[in-house]
Amino acid sequence: MCACQQAPLTPAPRISVLQCQTITPCTLPAMAPTTNGELRAALTTAKGAWGACAAKVDMIVSCQTAAQAEIDAQAAPAKHD
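Those letters in the sequence shown? Residues 345 to 425, by the working numbering.
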């Protein structure tokens, strides 16, 4: 009998691919307001641009969270009673 035995093989790591939508960088439109009315319009435009950017970020965070939850569920060992 041999005292040395081969160690059991560890399972290969799971390769996962995130299927989150690609996005474009957030941009703010160039503005040069010269009156109070233009300044108010520029503020409204900037708020809209920041809102659109925040929506992109939220979409990616949501997708990545769902993908990570799926990865974690697949990686969790099955529990037996």
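Beta carbons are placed, not taken as given, at the ideal position from N, Cα and C, and that holds for glycine.
Enumerate in chain order the residues of its own chain whose CB-to-CB distance from residue i is below 7 Å, with the five nearest sequence positions on each side excluded.
| i | result |
| --- | --- |
| Met-375 | Ala-386, Thr-389 |
| Gly-381 | none |
| Ser-404 | First, the residue type needs correcting, since residue 404 is Ile and not Ser in the sequence shown. Cys-364, Ile-367, listed in sequence order. |
State the CB to CB distance for the pair residue i and residue j, rounded to an integer number of angstroms; the pair is presumed to be in contact (CB under 8 Å).
| i | j | result |
| --- | --- | --- |
| Cys-364 | Lys-400 | Actually they do not touch by this definition, with Cβ atoms about 11 Å apart. |
| Pro-373 | Ala-398 | With a Cβ gap of about 16 Å, Pro-373 and Ala-398 do not count as contacting. |
So, for residue i: in the same chain, excluding its five sequence neighbours on each side, which residues have a beta-carbon less than 8 Å away from its beta-carbon?
| i | result |
| --- | --- |
| Gln-331 | Because the chain is modelled from 345 through 425, residue 331 falls outside the range shown and cannot be assessed. |
| Cys-407 | Leu-362, Gln-363, Cys-364, Gln-365 |
Just to confirm my understanding: we take residue i, look at its own chain, exclude 5 residues before and 5 after, and list those with CB closer than 6 Å. What are they?
| i | result |
| --- | --- |
| Pro-377 | Leu-383, Ala-386 |
| Ala-356 | none |
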